[in-house]
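Undergrad: Dropping the structure in here first, questions after.
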Amino acid sequence: MMEQLLEMVRKVSDKSEIYLVDSRGDSVSFEDAHLKDIEGRIQSGISLRIIKNATLGFAYTKNLMNRKELIQNALDSLKGGVEGLFELPLTSNLPSVDTYDPSIETLTNSAMVEECGRVCEFLSQKIKGQINMSASRTMSRLRIVNSSGTDLSLKSSAYFLHTEILYPYSSASLHRTLVSKTFKKARDEYLNFLADTYNQSEKEVSPDGRKMKVLFLPETIYVLMWRLQNATSGQSIYQNISPVTEKIGQKIFDEKLSIYNDPLNDSLPHARAFDDEGTPCSHFPLVDMGVLKNFYYDLYFATKLKTSPTGHGFKGSVSSKPAPSLSHLCITPGNKSFSDLVQSMDRGIIIAGALGAHSGNIPNGDFSIGVAPGIYVEKGEIVGHVKDVMAAGNIYDILKNVVEIENTLHPCFGGNFPSLLFDNVNVTIKK
């Protein structure tokens, strides 16, 4: 199918690329420790990029019944006048990554329901809060072919288990996600973290706000990394909106902090040897011991800036064009456990959930978030949770004040992160 489409496109364009993705999966959800929903889904789509007379065209469809219509839509989009000066890569001889576990195929909805039920029963015996859960499995296939001769394919599997415990009379919750390439039972360590942390913080307290130590849980690190990703994107460099444009090789953060993109790590789902443009991926240092090392690019912005693409051109969906993206971001872990980090806090807040992460001047590194829940720590012990809390700052200030880094990485939204403890963060608490 793709070969025939590529031959048709070659006749009306100078360069062309076809991107195909299809996936199927199932999910179950529990609300208040009771089964709420079981859902199955099958999705597929194909997108087409063409370059003709140095102009870029794009179209997509989820139903390839009419190839001529898809091609015509791409040709019509040339009227937008988007510049297309980049070359499509010829990619081969990539490193092998283990992205698929065939045992995912035999995982049933009944097994996921049973596992969620087991977790709910375990937690219900230890805590009083409302327990919501979900589990899902996904199997997907990706293929990219282009007029330069690239023909790449990938098959991947993923299993997710998400647990949240709601605080009384609140929508704020303590939550954590487990991720693997196939089904794995939730370990006691995972369950005990949720139960123990919730029980210690269940009481509502009302301390005073001020500058204090703040511990970002892995689930909220994306607030900080969002600003860094924006600043180091080739798009921001090209648009001249990054505050670190001239700072390659300079120390911008605490030396304890090393941040990298690791798409070849196939111990987790969705490892990639190539990006959504067919450019090879690699281990990619962003910040090493506080020193800024690299910016990242897709084909478009690499060409604009007369540099090489770095394998970071990814699509948000089949209906979108590739853009610079760090899809496998990691922070090098430290040598302290979560409990060690808590014990080192004389007075402070644990940020377990963030509201309004989009607020503030993102390109400049500013953030101002609602903390929900905010877990209050005094003399090295969790004593309760706080409502109506705000935390604000700039990543180029607080990431210079790293006290400690947790020794464990946790898969979560935005990457694979440890908890990070900072000093002198502005915290406001409504009285």
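Under the working numbering, the sequence shown is numbered contiguously, ending at residue 492.
Positions of the beta carbon are idealized from the N, C-alpha and C atoms, including for glycine.
With 16 as the cutoff for other CB atoms within 10 Å, does K173 come out buried or exposed?
TA: Position 112 of the sequence shown holds residue 173. A quick correction: the sequence has Met, not Lys, at residue 173. The residue is buried, with at least 16 neighbouring Cβ atoms inside 10 Å.
Undergrad: Which class does C342 belong to by DSSP, given the choice of helix, strand or coil?
TA: For this step, residue 342 is matched to residue 281 along the sequence shown. In the structure shown, C342 falls within a coil segment according to DSSP collapsed to helix, strand and coil.
Undergrad: Where does M194 sit, in a helix, a strand or coil, going by DSSP?
TA: Residue 194 sits at position 133 when you count from the first residue of the sequence shown. Three-state DSSP puts M194 in a strand.
Undergrad: Under 6 Å Cβ to Cβ from L149, same chain only, skipping five residues before and after it: list those, please.
TA: Translated into positions along the sequence shown, residue 149 becomes position 88. Closer than 6 Å at the Cβ level, and outside the excluded window around L149, lie K76, E78, N207, S209.
Undergrad: By Cβ distance below 7 Å, which residues in the same chain neighbour V284 in space, the five residues on each side in sequence not counted?
TA: What you label residue 284 is simply residue 223 of the sequence shown in a count that begins at 1. Excluding sequence neighbours, V284 sits near A415, A418, F428, I430.
Undergrad: Taking the alpha helix (DSSP H) that S400 falls in, what are its first and last residues?
TA: To locate residue 400, count along the sequence shown from 1; it is residue 339. S400 -> alpha helix (DSSP H) spans 399-404.
Undergrad: F362 to T116, Cα distance in whole Å?
TA: The residue you call residue 362 lines up with position 301 of the sequence shown. The residue you call residue 116 lines up with position 55 of the sequence shown. The alpha-carbon atoms of F362 and T116 are separated by roughly 15 Å.
Undergrad: Tell me whether the region 338-357 and the region 269-281 touch, counting them as touching only if at least three CB pairs, one residue from each stretch, are closer than 8 Å.
TA: no
Undergrad: Rank K461, L460, S480, N462 by C-alpha distance to the C-alpha of T469 and give the top, closest one.
TA: Residue 469 sits at position 408 when you count from the first residue of the sequence shown. For the residues K461, L460, S480, N462, the minimum Cα distance to T469 belongs to S480.
Undergrad: Just the Cα atoms here: how many angstroms apart are C221 and D315?
TA: Taking the first residue of the sequence shown as position 1, residue 221 is located at position 160. Taking the first residue of the sequence shown as position 1, residue 315 is located at position 254. The sequence shown places Phe at residue 221, not Cys. In a straight line, the C-alpha of F221 is about 33 Å away from that of D315.
Undergrad: Grouping DSSP H, G and I as helix and E and B as strand, with all else coil, what is M273?
TA: Within the sequence shown, the letter at position 212 stands for residue 273. In this structure, M273 counts as strand in the three-state DSSP scheme.
Undergrad: DSSP puts S451 in a beta bridge; with which residues?
TA: Translated into the one-based positions of the sequence shown, residue 451 becomes position 390. For clarity, residue 451 is Met in the given sequence; the question names Ser instead. For M451, which the question treats as bridged, DSSP gives the partners G431, T489.
Undergrad: Considering only their Cβ atoms, is the gap separating L235 from Y259 smaller than 9 Å?
TA: Within the sequence shown, residue 259 is the residue found at index 198, counting from 1. Within the sequence shown, residue 235 is the residue found at index 174, counting from 1. It is a contact, given that the beta carbons lie within the stated cut-off.
Undergrad: Helix, strand or coil: which one does DSSP assign to G365?
TA: Within the sequence shown, the letter at position 304 stands for residue 365. First, the amino acid is wrong: residue 365 is Lys here, not Gly. In this structure, K365 counts as helix in the three-state DSSP scheme.
Undergrad: Excluding sequence positions up to five away, which residues of its chain have a Cβ less than 8 Å from the Cβ of L360?
TA: Mapped onto the sequence shown, residue 360 falls at position 299. Only F147, E148, L149, P150, E338, T340, P370, G374, P383 meet the Cβ criterion.
Undergrad: With a CB to CB cut of under 7 Å and the five nearest residues on each side skipped, what residues in its chain are close to A256?
TA: The residue labelled residue 256 in the question sits at position 195 within the sequence shown. Cβ neighbours of A256 beyond the five flanking positions: L184, K187, I188.
Undergrad: Taking the alpha carbon of S328 as the point to measure from, which residue in Y161, Q65, R102 has its own alpha carbon closest?
TA: For the purposes of this step, residue 328 is taken as residue 267 along the sequence shown, with counting starting at 1. Taking only the C-alpha atoms, the option nearest S328 is Y161.
Undergrad: Quick one: is Q550 buried, meaning 16 or more other Cβ sit within 10 Å of its Cβ, or exposed?
TA: Coverage of the chain is limited to positions 62 through 492, which leaves residue 550 absent and any answer about it impossible.
Undergrad: Assuming D83 and S105 make a contact with CB atoms under 8 Å, what is their CB distance in whole Å?
TA: In the sequence shown, residue 83 corresponds to position 22, counting from 1. In the sequence shown, residue 105 corresponds to position 44, counting from 1. Contact holds; Cβ gap of about 4 Å.
Undergrad: For the region 318-337 against the region 348-357, do three or more pairs of beta-carbon atoms, one drawn from each stretch, fall closer than 8 Å, so that the two count as touching?
TA: yes
Undergrad: Among I103, N114, I132, which residue has its Cα nearest to the Cα of T122?
TA: Looking up residue 122 in the sequence shown gives position 61. Among I103, N114, I132, the Cα nearest to that of T122 belongs to I132.
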